[in-house]
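Asker: Counting from 1 along the sequence shown, just add 54 to a position and that's the residue number in our numbering.
Even for Gly, the Cβ is constructed at its ideal location relative to N, Cα and C.
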Amino acid sequence: PLSVSGPAAGLIAIVVAGIDQVGSWEAFLVAVFLGGLLQIALGLFKAGAIAYFFPNSVIKGMLAAIGLILIRKQLPHAFGLDIEAIDEEFHLSNTIPVFREIMLEGHYEMGALIISLLSIGILILWDQTGLKKIVWLPGALVVVIGGVLLNLFFGNAMPAWELLGSQIDAAGNLIEPGHLVALPQSLVQNGISGFFQEITFPDWSALTNPNIYTIGLTIGLVATMETLLSVEAVDKLDPHKRQSPLNRELLAQGVANTLAGLLGALPITAVIVRSSANVNAGGQTRMAALIHGILLFLSVVTIASVLNLIPLASLAAILLLIGYKLAHPKLFKAMYREGMNRFLPFVITVVAVLVTDLLVGIAIGTAVGIFFTIKANFRSAIVVSTSEGSTLVKFQKNVSFLNKAILTQTLNDIPAGTHVIVDGTDVDFIDHDIQEILWEYQIRAKENDIKLDIVGVKPEDAHVPILN
55 PLSVSGPAAG
65 LIAIVVAGID
75 QVGSWEAFLV
85 AVFLGGLLQI
95 ALGLFKAGAI
105 AYFFPNSVIK
115 GMLAAIGLIL
125 IRKQLPHAFG
135 LDIEAIDEEF
145 HLSNTIPVFR
155 EIMLEGHYEM
165 GALIISLLSI
175 GILILWDQTG
185 LKKIVWLPGA
195 LVVVIGGVLL
205 NLFFGNAMPA
215 WELLGSQIDA
225 AGNLIEPGHL
235 VALPQSLVQN
245 GISGFFQEIT
255 FPDWSALTNP
265 NIYTIGLTIG
275 LVATMETLLS
285 VEAVDKLDPH
295 KRQSPLNREL
305 LAQGVANTLA
315 GLLGALPITA
325 VIVRSSANVN
335 AGGQTRMAAL
345 IHGILLFLSV
355 VTIASVLNLI
365 PLASLAAILL
375 LIGYKLAHPK
385 LFKAMYREGM
395 NRFLPFVITV
405 VAVLVTDLLV
415 GIAIGTAVGI
425 FFTIKANFRS
435 AIVVSTSEGS
445 TLVKFQKNVS
455 FLNKAILTQT
465 LNDIPAGTHV
475 IVDGTDVDFI
485 DHDIQEILWE
495 YQIRAKENDI
505 KLDIVGVKPE
515 DAHVPILN
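1) Find the nearest neighbour of ASN395 within the set TYR378, THR420 and GLU490, judged by alpha-carbon distance.
2) From the DSSP output, read off the bridge partner residues of LYS448.
3) Should SER444 go down as buried or exposed, given a rule of 16 or more other Cβ atoms within 10 Å for buried?
4) Assuming GLY318 contacts PHE255 under a Cβ cut-off of 8 Å, what Cβ separation, rounded to an integer in Å, is found between them?
5) Could you work out which residue in ALA194, GLY219 and LEU195 is closest to LEU206 when comparing CA atoms only?
6) How is the beta strand (DSSP E) around VAL509 delimited, first residue to last?
7) Are VAL509 and VAL481 closer than 9 Å when you measure CB to CB?
8) Which one of VAL422, HIS382 and PRO383 has the shortest CA to CA distance from LEU398?
9) Of the residues LEU177, ILE322 and ILE488, which one's Cα is nearest the Cα of LYS307?
10) If distances are taken between C-alpha atoms only, which option among LEU275, GLN338, ALA214 and LEU305 comes closest to LYS527?
11) Within this structure, are the beta carbons of GLY201 and PRO365 separated by less than 9 Å?
12) What are the boundary residues of the alpha helix (DSSP H) that ILE176 is part of?
13) CB-CB under 6 Å to VAL69, same chain, minus the five flanking residues each way: which ones, in chain order?
14) Does DSSP put GLU230 in a helix, a strand or coil?
15) Per DSSP, what are the beta-bridge partners of ALA324 in this structure?
16) Determine the burial state of ASP507: buried for a count of at least 16 other Cβ atoms within 10 Å of its Cβ, exposed for fewer.
17) Please report the straight-line C-alpha distance between LEU320 and PRO213, rounded to a whole angstrom.
18) Taking only the alpha-carbon atoms, compute the straight-line gap between ILE188 and PHE82 and give it to the nearest angstrom.
19) Kindly indicate which three-state DSSP category VAL189 falls into: helix, strand or coil?
20) For VAL453, which of helix, strand or coil comes out of DSSP?
21) Classify GLN463 as helix, strand or coil using the three-state DSSP reduction.
22) Could you give the residue range of the alpha helix (DSSP H) that holds LEU110?
23) Spatial neighbours of PRO192 within its chain, please: CB distance less than 7 Å, with the 5 preceding and 5 following residues excluded, ordered by chain position.
24) Which residue wins for smallest C-alpha separation from LEU98, given the options THR427, LEU446, VAL309 and ARG126?
25) Would the stretch 254-270 and the stretch 378-395 be scored as touching if the rule is three or more Cβ pairs under 8 Å?
26) Would you kindly check if the distance between the Cβ of GLY64 and the Cβ of LEU282 is under 9 Å?
27) Suppose only complete runs of 3+ residues qualify. What are the beta strand (DSSP E) ranges in the stretch 245-290, listed by chain order?
28) Select from PHE250, LEU92 and GLN489 the residue whose C-alpha is nearest the C-alpha of PHE455.
29) Quick one: Cα of GLU138 to Cα of GLU230, how far?
30) Please identify the residue among ALA470, ASP485 and SER329 whose C-alpha is closest to the C-alpha of LYS505.
31) In angstroms with no decimal places, state the Cα-to-Cα distance between VAL355 and GLN239.
32) Going by C-alpha to C-alpha distance, which of LEU241, VAL437 and TRP258 sits closest to GLN251?
33) Over the uninterrupted alpha helix (DSSP H) stretch that includes HIS346, give me the two end residues.
34) Is the stretch 433-442 in contact with the stretch 127-135, if contact means three or more CB pairs nearer than 8 Å?
35) Sorted by chain position, which residues of the same chain lie with C-beta nearer than 7 Å to GLY72's C-beta, five sequence neighbours on each side aside?
36) Round the Cβ separation of LEU91 and THR312 to the nearest angstrom and send it over; I've been treating them as touching at under 8 Å.
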């Protein structure tokens, strides 16, 4: 209900590499179309259940990491920097140059700094007072309008503080990046006719290129994973704690990406940043995302020149606060209080996403989470109690080869002359590997003067018979 879709940073590398492999944007669109068809198939085959296999601690770690990424990426805009550190990649390699430019070399735009600080102040005031009850006038809109007016004031009264737009040559190439929103000149000059000029159709002759299918498969799978992860995360942000229909979401994303391929658009996914902004703005139903899309379309085809007056510092202030809420210190404290089994997968996911990318970070965090789950099962599957020369080894739940290590260690630690009872009456399944360990232990028990009773283990279940 609250998910908002759009082009995702995680797909940038795939798009750039894909265009390079197939030789043109029109050929690449065929791969986008095929990726959409794959998502439709995954939705029909109910593959959305994959999302339920990611631990909650990992999903929360992803949210916190994205919050930190937002802060890192928006700080340069808040200070009016135009250095190359402002990129679209999920990594920290360029963070140090940003802070060096700001803190050590004093490179910043006073106009951007004033606009961003005032914007943050307005947003905090809006959030902490009754002003947020004015549903028809969200604080973010006030910040954007205020930023435009303040920058126009700088242009007249304080020219040195005015923020300027990007400089683009006649061919449309960027000469110098600016500090204002920059929509294409075709939209600014021609409105809706300029929008239709941007539509590009796929080159179907690319179907003879084997690379098209590989790229389409990659787009479909990566977009699916990012969508499922984002939707799962947004469900946790939802104040009503609704469960999104994941298979229907995949169908919708697939339809969207097939249309994107047909009309010359970038591939899309559900995006956590846009969705978080939706939740933060008070979105309650699917209509919020639908109206969002309609307003975007109407805005870019009617008031593109006005949108190009918006300072990036105003938008940075909005996203900085969203990032802070996603990575709030209270979240780290709460996860720490839940124990290391939850905290370590959480913090490792945060670090992994920051230093790699979203999907790799999630994979690493999930692997760590699975490790702790298996470790917990090791401990809880077998319970040992000792009293007056007797040891009871009780299987609490189904035991498999994963429990071999702890069972072997438990049996080896039992001293000679002990009466040992192995009780498997409360479980439905005992792996053959476990039964073989018991069979071998019976032989050792006789040699070590250990009286061994095995209860609830049927001899016919083992590869080798349990001795009487």
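Answerer: Quick look at the numbers:
1) Counting from one through the sequence shown, the residue named residue 395 turns up at place 341. When TYR378, THR420 and GLU490 are compared, the shortest CA-CA separation from ASN395 is found for THR420.
2) Here residue 448 is taken as the residue at index 394 of the sequence shown, counted from 1. Under the DSSP definition of a beta bridge, LYS448 partners with VAL437 and ASP477.
3) Here residue 444 corresponds to residue number 390 of the sequence shown, with the count starting at 1. Burial call: exposed.
4) Here residue 318 refers to the residue found at position 264 when the sequence shown is read from its first residue. Here residue 255 refers to the residue found at position 201 when the sequence shown is read from its first residue. GLY318 to PHE255, Cβ: 7 Å. Contact.
5) Sequence index remark: in the sequence shown, residue 206 carries index 152 (1-based). Cα-wise, what sits closest to LEU206 is GLY219.
6) The residue you call residue 509 lines up with position 455 of the sequence shown. Here the beta strand (DSSP E) through VAL509 covers 505-509.
7) Here residue 509 refers to the residue found at position 455 when the sequence shown is read from its first residue. Here residue 481 refers to the residue found at position 427 when the sequence shown is read from its first residue. Cβ atoms of VAL509 and VAL481: not closer than 9 Å.
8) In the sequence shown, the residue the question calls residue 398 occupies position 344. Of the candidates VAL422, HIS382 and PRO383, the one whose C-alpha sits nearest the C-alpha of LEU398 is VAL422.
9) Here residue 307 corresponds to residue number 253 of the sequence shown, with the count starting at 1. Reading off the sequence shown, one finds Gln at residue 307, where the question assumed Lys. The shortest C-alpha separation from GLN307 is found at ILE322.
10) Residue 527 is absent from the structure shown; the chain starts at 55 and stops at 522.
11) As a working note, residue 201 is residue 147 in the sequence shown. As a working note, residue 365 is residue 311 in the sequence shown. For the pair GLY201 and PRO365, the CB atoms are nearer than the 9 Å cut-off.
12) Walking along the sequence shown from the start, residue 176 turns up at place 122. For ILE176, the enclosing alpha helix (DSSP H) stretches over residues 164-182.
13) Position 15 of the sequence shown, counted from the start, is the residue given in the question as residue 69. Excluding residues within five positions, none has a Cβ falling inside 6 Å.
14) Taking the first residue of the sequence shown as 1, we reach residue 230 at position 176. Of the three classes helix, strand and coil, the one that applies to GLU230 here is strand, per DSSP.
15) Position 270 of the sequence shown, counted from the first residue, corresponds to residue 324. Answer by DSSP bridge pairing, in chain order: SER59.
16) On the sequence shown, position 453 is the one that residue 507 refers to. ASP507 counts as exposed, since fewer than 16 other C-beta atoms from the protein chains shown sit within 10 angstroms of its C-beta.
17) The residue labelled residue 320 in the question sits at position 266 within the sequence shown. The residue labelled residue 213 in the question sits at position 159 within the sequence shown. Computed Cα separation, rounded: 38 Å.
18) Indexing the sequence shown from 1 puts residue 188 at position 134. Indexing the sequence shown from 1 puts residue 82 at position 28. Straight-line measurement puts the Cα of PHE82 at about 45 Å from the Cα of ILE188.
19) Translated into positions along the sequence shown, residue 189 becomes position 135. In the structure shown, VAL189 adopts coil according to DSSP, grouped into three states.
20) Walking along the sequence shown from the start, residue 453 turns up at place 399. In the displayed model, VAL453 falls within a strand according to three-state DSSP.
21) Position 409 of the sequence shown, counted from the first residue, corresponds to residue 463. If DSSP states are grouped into helix, strand and coil, GLN463 belongs with the helices.
22) Translated into positions along the sequence shown, residue 110 becomes position 56. Residue identity differs from the one stated: residue 110 is Asn in this sequence, not Leu. First-last of the alpha helix (DSSP H) with ASN110: 110-133.
23) What you label residue 192 is simply residue 138 of the sequence shown in a count that begins at 1. Cβ neighbours of PRO192 within its own chain (closer than 7 Å, five residues either side excluded): ALA335.
24) Sequence index remark: in the sequence shown, residue 98 carries index 44 (1-based). Looking from the CA of LEU98, the closest CA among THR427, LEU446, VAL309 and ARG126 belongs to VAL309.
25) When Cβ pairs closer than 8 Å are counted between the two stretches, the stretch 254-270 is seen not to touch the stretch 378-395, the count staying below three.
26) Taking the first residue of the sequence shown as position 1, residue 282 is located at position 228. Taking the first residue of the sequence shown as position 1, residue 64 is located at position 10. Their beta carbons are not under 9 Å apart, which means LEU282 does not touch GLY64 by this criterion.
27) Under the rule that a run must span 3 or more residues, no beta strand (DSSP E) segment is found entirely inside the stretch 245-290.
28) Translated into positions along the sequence shown, residue 455 becomes position 401. Considering only alpha carbons, the answer is GLN489.
29) Mapped onto the sequence shown, residue 138 falls at position 84. Mapped onto the sequence shown, residue 230 falls at position 176. Because the pLDDT of GLU138 is 45, which lies under 50, any placement of that residue in the model is unreliable, and the number read from its coordinates should be weighed accordingly. Between GLU138 and GLU230, the C-alpha separation is close to 12 Å.
30) For the purposes of this step, residue 505 is taken as the residue at position 451 of the sequence shown. The alpha carbon of LYS505 has as its nearest neighbour, out of ALA470, ASP485 and SER329, the alpha carbon of ALA470.
31) The residue labelled residue 355 in the question sits at position 301 within the sequence shown. The residue labelled residue 239 in the question sits at position 185 within the sequence shown. The alpha-carbon atoms of VAL355 and GLN239 are separated by roughly 11 Å.
32) The residue you call residue 251 lines up with position 197 of the sequence shown. GLN251 has its Cα closest to that of LEU241, out of LEU241, VAL437 and TRP258.
33) In the sequence shown, counting from the first residue as 1, residue 346 sits at position 292. Under the DSSP assignment, HIS346 falls in the alpha helix (DSSP H) whose first and last residues are 340-356.
34) In short, these stretches do not touch, since the Cβ pair count stays below three.
35) Translated into the one-based positions of the sequence shown, residue 72 becomes position 18. Non-local beta-carbon contacts of GLY72 in its own chain, meaning distances under 7 Å to residues more than five positions away in sequence, involve PHE82, ALA85 and ILE269 in chain order.
36) Locating residue 91 in the sequence shown gives position 37, where the first residue counts as 1. Locating residue 312 in the sequence shown gives position 258, where the first residue counts as 1. LEU91 to THR312, Cβ: 6 Å. Contact.
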